[in-house]
């Protein structure tokens, strides 16, 4: 059993390490993809039929990632990047690694506007990788999801984000035992105080710590990811 | 140039006998569920209704080509002969036309507009069915907004309110789509995937009626006022107000529909 300060450091370290591997995996291909997109653009207008085959091998590679329960992966184009659609998700997901086919409620299927959603908005604004969620992903996975997204750039122009989805249920199953081994109560929260995972069964994923007992406890930032841990003695 | 409505599965992907799985989930996520598997009973009437729904909700537009009979059968989980029966019936109703030749197939009739389909659905429906739809929708959506009020961060409600600013610049159809999107975003703040999925199905069912009420009644602002009030309630974590306003919105919609229905022949 660790003392509390050590437990805090360990907990933050567990989180940093957990999200670092998939983030690195995305960073490995986002620039090569951007370069390929830039080359393609020089030879003519960029459309879905040209973009999707570029993304597919990278997406499938993410779905094969060892030690990370990746549910879906791909590339989301910046609004108006493509000539034949205002918005586009080149996305593969599920056990059978199918390409996502979206029917929006609009007649013109390119009219989905994801520009305000956290997993797009934050990396496109900050230029940095971002771990978004947990949130109900009604566009892709249809489940409670954490999305890791990194922006793609061509000479300073942000052309979209490379991303992958983790199901929160899977993250819960993987992180909870690691936290419990610290012999302390560990609660992982996001930037708006929403519980991602907690060893405390009274503390539910999805609830806010706002107004709860945990609200007044110290939150310790985890390196490299916009998540905090709250660690208490049991 | 052929345009086809989005099939459930990528044309090149292997179709295996196990899908769509009886336990429910498609590998693809279709917002608004364009085609839902019908199951073993697979009757032509159900296929008919699904296709009419798709047209009503704007997934299939006037003049658009339908997927092939084989593709439809696969997507809907029924036998091709059932699809054929349904297509014949829709042709007899004047909603589909068949073109022969190289670019042949079944097409949504040119004159077909979603509103006329909704009017027909309304005419065929009953007050009982409309009120029961309202009860179902209010129950699920109410549960979602209650959780949203409890769990959302004020900044998340603010985000949604910002999106509502864009309503002013849009035409009727775009407004309806944005309001539908906003309803889903509010519901997603519940943090419940199950309830959100359930609500989205009901939203898809109610949305053509909302469109119809807006178009006929001429009062375009009522829906957005209700949603803005729900967002406000979510922002200040007022669960009861969020639920009450949702219930009021549904009541008004259903009563307006019943009133419109009684004015149809």
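Protein chains in written order, with our numbering: chain R, 1 to 234; chain L, 1001 to 1265. We put the beta carbon where it would ideally sit given N, CA and C, even for glycine.
Cross-chain neighbours of residue i in chain R, by beta carbon under 7 Å
| i | result |
| --- | --- |
| residue 1184 of chain L | 138 |
| residue 1159 of chain L | 116 |
Counterpart residues of residue i in DSSP-defined beta bridges
| i | result |
| --- | --- |
| residue 162 of chain R | R/75 and R/150 |
| residue 188 of chain R | R/197 and R/229 |
| residue 237 of chain R | The structure shown does not extend to residue 237 of chain R, since chain R is modelled only from 1 to 234, so the question has no answer here. |
| residue 208 of chain R | R/194 |
| residue 145 of chain R | R/135 and R/167 |
| residue 130 of chain R | R/149 |
| residue 157 of chain R | R/154 |
| residue 98 of chain R | R/93 |
Contacts around residue i, its chain only, beta-carbon distance under 6 Å, and the 5 residues preceding and following it disregarded
| i | result |
| --- | --- |
| residue 194 of chain R | 208 |
| residue 14 of chain R | 178 |
| residue 1190 of chain L | 1144, 1147 and 1148 |
| residue 1024 of chain L | Only weak support exists for where residue 1024 of chain L lies, its pLDDT of 35 falling under 50; the coordinates are left without a value. |
| residue 219 of chain R | 228 and 230 |
| residue 232 of chain R | 185 |
| residue 1249 of chain L | 1226 |
| residue 26 of chain R | 150 and 162 |
Cut-off 7 Å between Cβ atoms - residues of its own chain near residue i, not counting five sequence neighbours on either side
| i | result |
| --- | --- |
| residue 1146 of chain L | 1239, 1242 and 1243 |
| residue 180 of chain R | 199 |
| residue 1246 of chain L | 1138, 1141, 1142, 1145 and 1230 |
| residue 176 of chain R | 197 and 199 |
| residue 5 of chain R | none |
| residue 1044 of chain L | 1082, 1085, 1086 and 1089 |
| residue 221 of chain R | 228 |
| residue 160 of chain R | 75, 76, 77, 78, 81 and 152 |
| residue 1180 of chain L | 1203 and 1207 |
| residue 83 of chain R | 45, 46 and 47 |
Chain R residues whose Cβ lies nearer than 8 Å to that of residue i
| i | result |
| --- | --- |
| residue 1200 of chain L | 138 |
| residue 1244 of chain L | Residues of chain R passing the Cβ test: none, with the nearest at roughly 22 Å. |
| residue 1196 of chain L | 136 and 138 |
| residue 1163 of chain L | 116 |
Amino acids of chain L, ordered along the chain, whose beta-carbon sits closer than 7 Å to that of residue i
| i | result |
| --- | --- |
| residue 208 of chain R | 1151 and 1153 |
Proximal chain R residues relative to residue i, where beta-carbon distance stays under 9 Å
| i | result |
| --- | --- |
| residue 1192 of chain L | 136, 144 and 206 |
| residue 1188 of chain L | 135, 136, 137 and 138 |
| residue 1084 of chain L | Within 9 Å Cβ-Cβ: nothing; residue 1084 of chain L doesn't reach chain R, min ~23 Å. |
Listed by chain order, chain L residues near residue i by CB distance under 8 Å
| i | result |
| --- | --- |
| residue 192 of chain R | 1153, 1155 and 1156 |
Contacts around residue i, its chain only, beta-carbon distance under 8 Å, and the 5 residues preceding and following it disregarded
| i | result |
| --- | --- |
| residue 1060 of chain L | 1005, 1051, 1054, 1066 and 1108 |
| residue 1068 of chain L | 1105 |
| residue 1040 of chain L | Residue confidence for residue 1040 of chain L is low, a pLDDT of 37 falling below 50, so the modelled location carries little weight; the figure read from the coordinates is stated next. If we look at residue 1040 of chain L and ignore the five residues flanking it on each side, it has no Cβ neighbours. |
| residue 100 of chain R | 72, 74, 89, 91, 92, 93 and 140 |
Inset, instruction - Would you check if there are 3 or more beta carbon pairs closer than 8 Å linking the segment 1197-1211 of chain L to the segment 146-156 of chain R? - result: no
Inset, instruction - Count the CB pairs spanning the segment 1081-1101 of chain L and the segment 1225-1235 of chain L that are closer than 8 Å, and state whether there are at least three. - result: Contact between the segment 1081-1101 of chain L and the segment 1225-1235 of chain L is absent, with fewer than three C-beta pairs closer than 8 Å.
Legend entry - Runs of beta strand (DSSP E) lying entirely within the segment 1050-1125 of chain L, each at least 3 residues, in chain order: For secondary structure counted as the beta strand (DSSP E) over 3 or more consecutive residues, the segment 1050-1125 of chain L holds these complete runs in sequence order: 1096-1099 and 1105-1108.
Inset, instruction - State whether the segment 1203-1215 of chain L contacts the segment 1247-1262 of chain L, with contact taken as three or more CB pairs (one from each stretch) at a distance under 8 Å. - result: yes
Legend entry - Meets three-Cβ-pair contact criterion under 8 Å: the segment 197-215 of chain R and the segment 161-172 of chain R: The segment 197-215 of chain R vs the segment 161-172 of chain R: in contact.
Legend entry - Given 8 Å, three or more beta-carbon pairs between the segment 68-85 of chain R and the segment 112-122 of chain R: A contact exists between the segment 68-85 of chain R and the segment 112-122 of chain R.
Inset, instruction - Say whether the segment 1167-1174 of chain L touches the segment 1183-1197 of chain L, bearing in mind that this needs 3 or more beta-carbon pairs closer than 8 Å, one atom from each stretch. - result: With the cut-off at 8 Å, the segment 1167-1174 of chain L and the segment 1183-1197 of chain L do not touch.
Legend entry - Any 3 or more C-beta pairs closer than 8 Å across the segment 207-225 of chain R and the segment 1149-1157 of chain L: yes
Inset, instruction - Tell me, please, whether the segment 120-131 of chain R touches the segment 209-227 of chain R by the rule of three or more beta-carbon pairs shorter than 8 Å. - result: Yes, since at least three Cβ pairs between the segment 120-131 of chain R and the segment 209-227 of chain R fall closer than 8 Å, the two stretches touch.
Inset, instruction - Can you check the segment 46-95 of chain R for any beta strand (DSSP E) of at least 3 residues that lies completely inside it and give the ranges in chain order? - result: 70-77 and 89-93
Inset, instruction - Count the C-beta pairs between the segment 50-65 of chain R and the segment 83-102 of chain R that are closer than 8 Å, then say yes if the count reaches three, no if not. - result: Between the segment 50-65 of chain R and the segment 83-102 of chain R there are three or more inter-stretch CB-CB distances shorter than 8 Å, so the stretches are counted as touching.
Legend entry - Start-end ranges of the alpha helix (DSSP H) lying completely within the segment 1167-1244 of chain L, minimum 4 residues: With a minimum length of 4 residues, the continuous alpha helix (DSSP H) runs that stay inside the segment 1167-1244 of chain L are 1172-1188, 1193-1217 and 1221-1235.
Legend entry - Three-pair Cβ contact test at 8 Å for the segment 181-192 of chain R versus the segment 35-48 of chain R: Contact between the segment 181-192 of chain R and the segment 35-48 of chain R is absent, because fewer than three Cβ pairs lie under 8 Å.
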